[in-house]
Each structure stands twice: as structure tokens, then as C-alpha cells.
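Sequence order for the protein chains is A and B.
To convert a position in the first sequence, counted from 1, into the working numbering, add 5.
To convert a position in the second sequence, counted from 1, into the working numbering, add 35.
Ideal Cβ positions, reconstructed from N, Cα and C, are used throughout, including at glycine.
Because the structure is a prediction, the values reported are computed rather than measured.
One structure is given below, encoded as C-alpha cells.
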Amino acid sequence: MSRYSRHIILSEIGQKGQDQLLRAKVLVVGAGGLGCPVLQYLTAAGIGTIGVIDFDVVEASNLQRQILFGTSSLGKNKALMAKERLEDLNPTIKINAYPEALTKNNALELFEKYDIIVDGSDNFGTRYLINDAAVLTDKPVVYGAIYKFEGQVSVFNYKNGPSYRCLFSNPPKKGAVANCSEVGVLGVLPGIIGVMQANEVIKIVLNFDHVLSGKLLCYNAKTTQITTLKITKTTSEFEKVIDKKLNSTDYGVDTNCASQVPEISTEEAFDNANTLFIDVRELHEQPKLEVSNCIQIPLSQFEHHLDQINTNAELVVFCHSGVRSKSAISILQKHNINNCYNLKGGMIAVSEFLKIKIS
Amino acid sequence: MDLNIKYFGLLAEVTHCDEEILDFSKLTISELLSELYKKYPNLIDNDFQVAQDQEIVSKDTLVSGKQIALLPPFSGG
């Protein structure tokens, strides 16, 4: 029997429906708590082309709910690790991994390549960017969001329905609403909400009735209560987005994205006598930076070893290429350690720089 | 008039309850909110939408339903 036989024998799907799934192109923003179950089920269902974008790396605290990753993924980029796992799950479809942040510069071009966008992001900046880019490229958004034991699901911008801004016009005041890393979350909750999002994606592809558009489903895992609230479309919220485009909107308020991390060049870092280099690569990674003012704390254990850091120094954080070090800097900033810089280009740039100096 | 008020997410932590019944005889949602702000002063620091009988409504809507829900945005993923 074929991989999709249990779909095909359903009269509502059949070979025709399965072919529709195989022709569909879905972009999942964020390979975290929501993104993992969405990706897992869409891959298994045979969505023909799946994109996954995430700049972040896997940390130990993710493994309680981000079910595509294991201990061997620690410290590695989530989009790339997800692709590896998903290709094993279903090698017959195409997975495009984008190990970068979604920004104003790449959002429109990326969205154009897909039919449906799934919002599995973890901050308001990205959520509003997804909404606006989807309005501008006219793509439906399958939205999911979680808080502790509660989740929200909806489909926005679908067949002339409302958008996220019709529900919440603007992002809340900065710091008013915390994310999972600050407040905690029940591990199975994003599983439940993410699978509901995957279900909505499949309903859209198969052109089913009763897509969750114009409605917000609120789920409470503690009480097992589901409340569905009706949302009406506010045309002016679309007009504002079409008017402003992405460029004149500030999405930076609450994004964890790369642009907020201060950077330093290799040359500047070596010139400063007060520099303390922090290598956040795993201990086995080579080559080492053999200088006396360098300490090693792998990103996977970073948060537990902050006491090893002399915070009077100018902290220059690096990894192989500069991705994991950004996450380490977010951790430092969370602990109010702000005199830290991301070493531009990571160890790759350092090796080149030192070679130049020697010759 | 007895009104069932439901609090979602962080708001349930501010009010220390998921839902409650309030005797309320004011006219609009904003007037209802002013009453709630008196009872829960910290509520005013939060962003949320209001639903009346399972429908998101604007603040100038007349209170005519049986249930009001206060719904904050969630960012987690």
C-alpha cells in the first residue's frame, strides 16, 4: 500500500485530494513549539513543498516540547535540524530550510514562493510582519499562539476574511506580554495547537468548507474548554498595510531577531585590551581560539554558567559563523548583561584574520 | 443584570479568576471596563479585546448579552 493510502481511501480526499496536497507549497515561520508539530504532520501528509524559516538554535530547554529535535541537535540551527528529521520522515517531498530570521527584506520574496503561510513565531514583531507581508502578497495565514496553558488558532486573510490586525490592531506595549522562555508553557499545549494549525492547512489545500476563518478558537488545556469567538473584517486594517508597505513599519519592538544584536569586527575585538572572548561552540568544535582572554561555554549550557563570565570586560561572543552567538547574547541581555557584542563572521572570520596577521 | 465575565491568559492572573458573575446595569462595554478597572486596578496595564456572546465587539457597543470575554494577545510559539 502506498504511503498515503489512508488518505486516499477517505472519500473526502481520494487520489485527487492527495494530488492537491502534493502540489501544495506551505511556508512555516518558526520551527519551535508550534512549528515542530505543524511540520511533522504536513510532511507526513505529503504537502509537496514545505519551507521552514528559523534563525535560532536548539537549546536543552526546547526539548520538552519541540519534538523534531533530540539531544544531538543541541546548539544547531532549528530549520536545518528540522529539515534533516523531516527528510527521514518523508523523503518524497521537498523541504526548503532557511536558517535565518524573517525580516522586512526577505518576507515578501519568500511568501511569493508559497501558497499558505503558517505562523509559528514566538514574538509580536514577527507576527505583525507575517500579517502584513501576507496581506501584501495575498496569502492566507494559519495562525497559532500560546500562553502557559492556553492557545489561540485562526486562519487570517483567507477568501476575503479578516486579518490578525482586525483582531489586534497593533502590538501591545513592550514587555506587557511575556513569551514561553520567560513564563513557561505546558509541553503538550503547542502540540495540540500546532496540530490544529496543520489541520487548517490541509482543509485550505483541499478546499474544505468550515475553514477557521473569521473565528478565533481559544483552547484551555487545564479546563479542556474550547471557546470560539467571531472576528469581523475591518477593511481599514488592510488599507493601512497596503498603504504603508513593510518599509515604514517598525517591527523591531519585540523581535528576537538578529538585527538587535550589537556586532563587532574581529579587528576591533583584538585591538581592545579589555576584550573577553566567549566561545559558545560545543567543546569538540575546532579550531580553538588559543588566546588567554578566551573562555568556552557551549550554548547548550550557557544559561547555567553565566557566573564564569567576568562582566567587567567587553564581552565578545562567537561561534562558528555567528548564529548561535546571537542566541547567547539574547541570554546575556535577558540577564541584564549588556556590554556584549556578536563577533561578526564568527570563528570563520577569526581564522582568516589571524592568517592575515601572520603573513 | 447578571453578566458572566470570562478572563483569558494573563488577565485571569490579574483578576485571580477564570470567570465570575457580576451584577451590572451600565450601558456600554467601556463603562463596564471602567467598573472592572476599579475592581482590578492592574487590568488597565493590559492590552485585550472584548467579546460579547462569542463575538469580538468595539468598546462603544451596548452591553446586551449574557457573556463578556476579555481576550489578550498571545505571542508564544
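Helix, strand or coil: how does DSSP classify Gln202 (chain A) here?
The count along the first sequence starts at 1 and reaches residue 202 (chain A) at position 197. Collapsing the DSSP output to three states places Gln202 (chain A) in a helix.
Restricting to Cα atoms, I'd like to know which of B:Leu62, B:Tyr75, B:Ser65, B:Lys61 is closest to Glu55 (chain B).
Indexing the second sequence from 1 puts residue 55 (chain B) at position 20. Minimum Cα distance to Glu55 (chain B) is reached at B:Tyr75.
Return the Cβ separation of Val33 (chain A) and Ile14 (chain A) in integer angstroms, given the expectation that the two are a contact with Cβ distance under 8 Å.
In the first sequence, residue 33 (chain A) corresponds to position 28, counting from 1. In the first sequence, residue 14 (chain A) corresponds to position 9, counting from 1. Not really, about 28 Å apart at Cβ, beyond 8 Å.
Please check the pair Asp93 (chain A) and Gly37 (chain A), which I expect to be a contact at CB under 8 Å, by giving their CB distance rounded to whole angstroms.
Translated into the one-based positions of the first sequence, residue 93 (chain A) becomes position 88. Translated into the one-based positions of the first sequence, residue 37 (chain A) becomes position 32. Rounded, the Cβ-Cβ distance is 20 Å, inconsistent with contact.
Contacting residues, own chain, Cβ-Cβ under 8 Å from Phe109 (chain B) (five flanking each side not counted):
Translated into the one-based positions of the second sequence, residue 109 (chain B) becomes position 74. Annotation for Phe109 (chain B): Gly44 place their beta carbon closer than 8 Å to its own, counting only its chain and skipping 5 residues before and after.
Out of A:Phe173, A:Leu281, A:Ile269, A:Leu288, point me to the one whose CA is closest to Ile236 (chain A)'s CA.
As a working note, residue 236 (chain A) is residue 231 in the first sequence. Its Cα nearest to that of Ile236 (chain A), the residue A:Phe173 stands out among A:Phe173, A:Leu281, A:Ile269, A:Leu288.
At the 8 Å Cβ level, is Ile56 (chain B) part of the contact set with chain A, yes or no?
Residue 56 (chain B) sits at position 21 when you count from the first residue of the second sequence. It does not; no Cβ of chain A falls within 8 Å.
Would you call Ile91 (chain B) buried or exposed, if buried means 16 or more other Cβ atoms sit within 10 Å of its Cβ?
Position 56 of the second sequence, counting from 1, holds the residue named residue 91 (chain B). Of the other Cβ atoms in all chains shown, 16 or more fall within 10 Å of the Cβ of Ile91 (chain B); this residue is therefore buried.
Would you mind working out which of A:His340, A:Leu113, A:Met201, A:Tyr152 sits nearest Phe307 (chain A), comparing C-alpha positions?
If you number the first sequence from 1, residue 307 (chain A) lands on position 302. If we check each option's Cα against that of Phe307 (chain A), A:His340 comes out closest.
Within 10 angstroms of its Cβ, does Met36 (chain B) collect 16 or more other Cβ (buried), or is it exposed?
Indexing the second sequence from 1 puts residue 36 (chain B) at position 1. Taking all protein chains in view, the Cβ of Met36 (chain B) is surrounded by fewer than 16 other Cβ atoms within 10 Å, so the residue is classified as exposed.
Going by alpha carbons, who is nearest to Gly192 (chain A) out of A:Ala226, A:Gln20, A:His310, A:Lys293?
Stepping through the first sequence from its first residue, residue 192 (chain A) is reached at position 187. With distances taken between Cα atoms, Gly192 (chain A) lies closest to A:Ala226.
Spatial neighbours of Thr76 (chain A) within its chain, please: C-beta separation below 6 Å, excluding the five flanking residues on both sides.
Here the question's residue 76 (chain A) lines up with position 71 in the first sequence. If we look at Thr76 (chain A) and ignore the five residues flanking it on each side, it has no Cβ neighbours.
Short CB-CB distance (under 8 Å) between Ser66 (chain A) and chain B
In the first sequence, counting from the first residue as 1, residue 66 (chain A) sits at position 61. Cβ-Cβ to chain B under 8 Å: no for Ser66 (chain A).
Under 8 Å between C-beta atoms of Val160 (chain A) and Ile209 (chain A)
Residue numbering aside, residue 160 (chain A) sits at position 155 when the first sequence is read from its first letter. Residue numbering aside, residue 209 (chain A) sits at position 204 when the first sequence is read from its first letter. Taking 8 Å as the Cβ cut-off, Val160 (chain A) and Ile209 (chain A) qualify as a contacting pair.
Within 10 angstroms of its Cβ, does Thr97 (chain A) collect 16 or more other Cβ (buried), or is it exposed?
The count along the first sequence starts at 1 and reaches residue 97 (chain A) at position 92. The residue in question, Thr97 (chain A), is exposed, as its Cβ has fewer than 16 Cβ neighbours within 10 Å.
Measure the alpha-carbon distance for Asn252 (chain A) versus Gly35 (chain A) and round it to whole angstroms.
Looking up residue 252 (chain A) in the first sequence gives position 247. Looking up residue 35 (chain A) in the first sequence gives position 30. Straight-line measurement puts the Cα of Gly35 (chain A) at about 22 Å from the Cα of Asn252 (chain A).
Does the beta carbon of Gly112 (chain B) sit closer than 8 Å to a beta carbon anywhere in chain A?
On the second sequence, residue 112 (chain B) is found 77 positions in, with the first residue counted as 1. Chain A contact via Cβ: present.
Give me the subset of the stretch 79-109 of chain B whose CB atoms are less than 8 Å from a CB atom of chain A, sorted by chain position.
Here the close residues are Asp80, Asn81, Asp82, Gln84, Ala86, Gln89, Glu90, Ile91, Ala104, Leu106, Pro107, Pro108, Phe109.
Kindly provide the ranges of any alpha helix (DSSP H) runs that are 4 or more residues long and lie completely inside the stretch 66-96 of chain A, ordered along the chain.
For the stretch 66-96 of chain A, whole alpha helix (DSSP H) runs of length 4 or above, ordered along the chain, are 83-94.
Kindly confirm or deny that the stretch 104-114 of chain A and the stretch 53-72 of chain A touch, where touching means at least three C-beta pairs closer than 8 Å.
Between the stretch 104-114 of chain A and the stretch 53-72 of chain A there are three or more inter-stretch CB-CB distances shorter than 8 Å, so the stretches are counted as touching.
Counting pairs of Cβ atoms below 8 Å between the stretch 277-287 of chain A and the stretch 322-334 of chain A, do you hit three or more?
Short answer: they touch.
For the alpha helix (DSSP H) holding Glu272 (chain A), just list the boundary residues, first then last.
Locating residue 272 (chain A) in the first sequence gives position 267, where the first residue counts as 1. According to the DSSP assignment, Glu272 (chain A) belongs to the alpha helix (DSSP H) that extends over 271-276.
Are the C-beta atoms of Asp127 (chain A) and some chain B residue less than 8 Å apart?
Residue numbering aside, residue 127 (chain A) sits at position 122 when the first sequence is read from its first letter. Among the residues facing chain B, Asp127 (chain A) is included, as its CB has a counterpart in that chain under 8 Å away.
In whole angstroms, give me the CA-to-CA distance for Gln303 (chain A) and Asn67 (chain A).
Along the first sequence, read from residue 1 onward, the residue named residue 303 (chain A) stands at position 298. Along the first sequence, read from residue 1 onward, the residue named residue 67 (chain A) stands at position 62. Here the sequence assigns Pro to residue 303 (chain A), which means Gln is not the residue at that position. C-alpha separation (whole angstroms): 16 Å.
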